[in-house]
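Number of protein chains: 2
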Amino acid sequence: MREVFQQELAEVQSGLIAISKDVHSAITRATAAFTSSDVSLADEVIGDDLKIDEKTIHVDDLGVEILLMQSPVARDLRFIVATMRMTAALERMGDLAAHVAQLARMRYPDRSAPTDLHDHFQRVGELDVAQADRVMRLLETEDSDLIDEIIAADDAVDQIHKEVLQFLTKHEQAGDAPVAQIVDATLANRYFERFSDHAVSIARRMRYMQEGTLDEIEPGE
Amino acid sequence: MREVFQQELAEVQSGLIAISKDVHSAITRATAAFTSSDVSLADEVIGDDLKIDEKTIHVDDLGVEILLMQSPVARDLRFIVATMRMTAALERMGDLAAHVAQLARMRYPDRSAPTDLHDHFQRVGELDVAQADRVMRLLETEDSDLIDEIIAADDAVDQIHKEVLQFLTKHEQAGDAPVAQIVDATLANRYFERFSDHAVSIARRMRYMQEGTLDEIEPGE
Chain A
1 MREVFQQELA EVQSGLIAIS KDVHSAITRA TAAFTSSDVS LADEVIGDDL
51 KIDEKTIHVD DLGVEILLMQ SPVARDLRFI VATMRMTAAL ERMGDLAAHV
101 AQLARMRYPD RSAPTDLHDH FQRVGELDVA QADRVMRLLE TEDSDLIDEI
151 IAADDAVDQI HKEVLQFLTK HEQAGDAPVA QIVDATLANR YFERFSDHAV
201 SIARRMRYMQ EGTLDEIEPG E
Chain B
1 MREVFQQELA EVQSGLIAIS KDVHSAITRA TAAFTSSDVS LADEVIGDDL
51 KIDEKTIHVD DLGVEILLMQ SPVARDLRFI VATMRMTAAL ERMGDLAAHV
101 AQLARMRYPD RSAPTDLHDH FQRVGELDVA QADRVMRLLE TEDSDLIDEI
151 IAADDAVDQI HKEVLQFLTK HEQAGDAPVA QIVDATLANR YFERFSDHAV
201 SIARRMRYMQ EGTLDEIEPG E
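Keeping their order, the protein sequence lines are chains A and B. The first sequence lines up with residues 1 to 221 when you count with full-length UniProt numbering. The second sequence lines up with residues 1 to 221 when you count with full-length UniProt numbering.
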C-alpha cells in the first residue's frame, strides 16, 4: 500500500514536470512566433495547447484518486492540494502562450506590435521563458532558492509591462498608428505579464507545500 | 464526528455563497463605476477586493482541514476538490471587477472608453452581473438548470467581446482617438469577457461535483 502510494505521488510529480516542459516549449516558441511573425510556429503552439490541457486533467484526476484511496496527511496532503492549484496555473500559462501565438497568427503578414516595442516584447518574452525554466527546475528539484528567484524575477516583468503601457498611452492621439497594433500590443503586454504571475503562483504553492503556510495573498494582477 | 463533518461542509458552502455575494456586489459596482466614471465607487470596489481574497483563503483552509480530519469520499470529496477550484475562480472574478474599477479610477475625469462603445460595455457589464447572480444562486441551490444557463449565457458575452474588438480594429488608423482610450477599452473588453469565463468554470466544477465527470476541457480564452 505504502509503495503504491509513493509511486502515485511520484507519478503526479513527473506529470507536473512534463507539463512544465510543454509550457516552457510553448512560451519559447510563442515568443519567437510573435517577435518574428512566424505563422507556422504560431500554429504549432496553438495546436499543442490541447495536449497541455489533457495532461493537466490527467494529473488532477490522479490527485483526486490519491485523496480518495490514500487519505494523505501532512506534507503529502499539502502536495496534492498544491498540485491542484499548480496544474491550474500551468494550464493558464499554456493558454497565455497560445494567446500570444494567436496574436502573431491573426495579424500576419503585418507585424503584431509597433516596431518601437519590438525590443520590449523580445525582453519580456525572454524573461517569461526564464520563469518557465525556473518552474521546471523547481518542480524537479523542489529547491526553495528557486521559489525566491521566481518571485524576485517577476519585478522585471512588471517593469516592462509598465513601460509598454506608458509607451502606448503617452501619445495624446494615435495619429497614424494602426489601431489593431495598439490593441494587439495591449493584449500581448497583458499576456506576457500574466504568464509570470502564474509562475509566482506556482512558487508560492511550492512554499505552501514545504512549509505549510501560504503567507501572502495572491497578487491581484 | 459525522455531525461535525456535516457542519464543516455546510461552513464551506456558506463561505462560498458569501464570497459569491461579494463578487456580485463588486461587478455590479465596478460596471457602474466604469460606465459612469464614478471614482468613489471605483475606490470602494478596489478596497473591498482584499476581503474577497481573505475569505477565499479561509474557505481553502477549511477544505484542507476537512481533507485531513475527515478523509471524505464520493460526492463530499468532489465537493471539496471542486471548492478549491471554485474559490480560485471567485477570487479571479473579484480581481477582474477590481481591474474594471481601476480603469475607471485611472482615467478620471475622462471617460474610460470611447463613447461609441458605451452601450457595449453597459450591456456586457449587465450580462456579467447576471452571471454573478446565477453563480450565487447555483451555490445556494445547487440547481443544475443554472449550470446550463451559465454556460449558455457566456455566448452573449463572447459576442459583445468580439464586437468591441471588431469596432476597435476596423479603422486603419486611430486618427484623433486618444490611444489611452483604445488601450483601456481593449483591457476592459478582456476583463468583462474573462469574468464570465470564470462563471462557466464554476458551473463546470459544480457539474463535476454532482456527476463525478469533468466532461469538457476548460475554455482556452
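Here a beta-carbon is modelled for each residue, glycine too, at the ideal position from N, C-alpha and C. Keep in mind the model is a prediction, meaning the values are calculated, not measured.
Do the CB positions of residue i and residue j come within less than 8 Å of each other?
i             : j         : result
Thr-28/B      : Phe-121/B : no
Ile-151/B     : Ala-101/B : no
residue 230/A : Phe-167/A : The shown model of chain A, from 1 to 221, leaves out residue 230/A, and the question about it has no answer.
Ser-201/B     : Asp-154/B : no
Thr-115/A     : Leu-90/A  : no
Arg-105/B     : Ile-46/B  : yes
Arg-205/B     : Arg-75/B  : no
Gln-7/B       : Leu-139/B : no
Ala-188/A     : Leu-103/A : yes
Met-209/A     : Ile-17/A  : no
Arg-134/A     : Ala-199/A : yes
Ala-180/A     : Val-23/A  : no
Val-183/B     : Thr-83/A  : no
Please classify residue i as buried or exposed, where buried requires at least 16 neighbouring CB atoms within 10 angstroms.
i         : result
Gly-15/A  : buried
Arg-78/B  : buried
Met-69/A  : exposed
Thr-141/B : exposed
Thr-213/A : exposed
Pro-109/A : exposed
Arg-2/B   : exposed
Val-73/A  : exposed
Ser-37/A  : buried
Asp-143/B : exposed
Val-4/A   : exposed
Shorter than 8 Å from the beta carbon of residue i to some beta carbon of chain A?
i         : result
Thr-186/B : yes
Ser-71/B  : yes
Val-124/B : no
Leu-117/B : no
Leu-139/B : no
If distances are taken between C-alpha atoms only, which option among the options comes closest to residue i?
i             : options                                       : result
Asp-158/B     : Glu-140/B, Arg-123/B and Lys-21/B             : Arg-123/B
Ile-80/B      : Leu-168/B, Asp-133/B, Val-59/B and Ala-156/B  : Val-59/B
residue 285/A : Ala-185/A, Asp-43/A and Arg-194/A             : Past the edges of chain A, shown from 1 to 221, lies residue 285/A, and the structure says nothing about it.
Glu-211/B     : His-198/B, Ile-147/B and Pro-178/B            : Ile-147/B
Gly-94/A      : Ile-19/A, Met-106/A and Ser-40/A              : Ile-19/A
Gly-63/A      : Leu-50/A, Val-45/A, Ala-188/A and Thr-87/A    : Thr-87/A
Thr-31/A      : Leu-90/A, Ile-66/A, Asp-48/A and Ala-97/A     : Ala-97/A
Ser-25/B      : Lys-51/B, Phe-5/B, Leu-165/B and Met-106/B    : Lys-51/B
Pro-178/B     : Asp-48/B, Asp-133/B, Arg-190/B and Arg-107/B  : Arg-107/B
Asp-61/B      : Ala-42/B, Leu-165/B, Val-183/B and Glu-11/B   : Glu-11/B
Asp-48/B      : Ala-132/B, Thr-83/B, His-99/B and Met-136/B   : His-99/B
Arg-207/B     : Glu-149/B, Val-164/B, Glu-163/B and Thr-169/B : Glu-149/B
Leu-9/B       : His-161/B, Asp-43/B and Glu-65/B              : Glu-65/B
Arg-194/A     : Asp-53/A, Gly-125/A and Lys-21/A              : Gly-125/A
Measuring only between beta-carbons, confirm whether residue i sits less than 8 Å from chain B.
i         : result
Gly-220/A : In this prediction, Gly-220/A has a pLDDT of 45, which is less than 50 and means its spatial position is unreliable; what the coordinates show is noted afterwards. Taking Cβ atoms only, chain B reaches closer than 8 Å to Gly-220/A, which makes this a yes.
Ile-182/A : yes
Arg-85/A  : yes
Leu-62/A  : no
Val-81/A  : yes
Leu-16/A  : no
Thr-213/A : no
Gln-159/A : no
Leu-168/A : yes
Arg-207/A : no
Notebook entry, point to check: Which parts of the stretch 30-114 of chain B are runs of the alpha helix (DSSP H), unbroken and 4 residues or longer, counting only runs that do not cross its ends?
Noted result: 39-70 and 74-107
Next item on the list: Write down every uninterrupted run of the alpha helix (DSSP H) in the UniProt domain "PhoU" (122-205) of chain A whose length is 4 residues or greater and which is fully enclosed by it, in chain order.
Entry: 144-169
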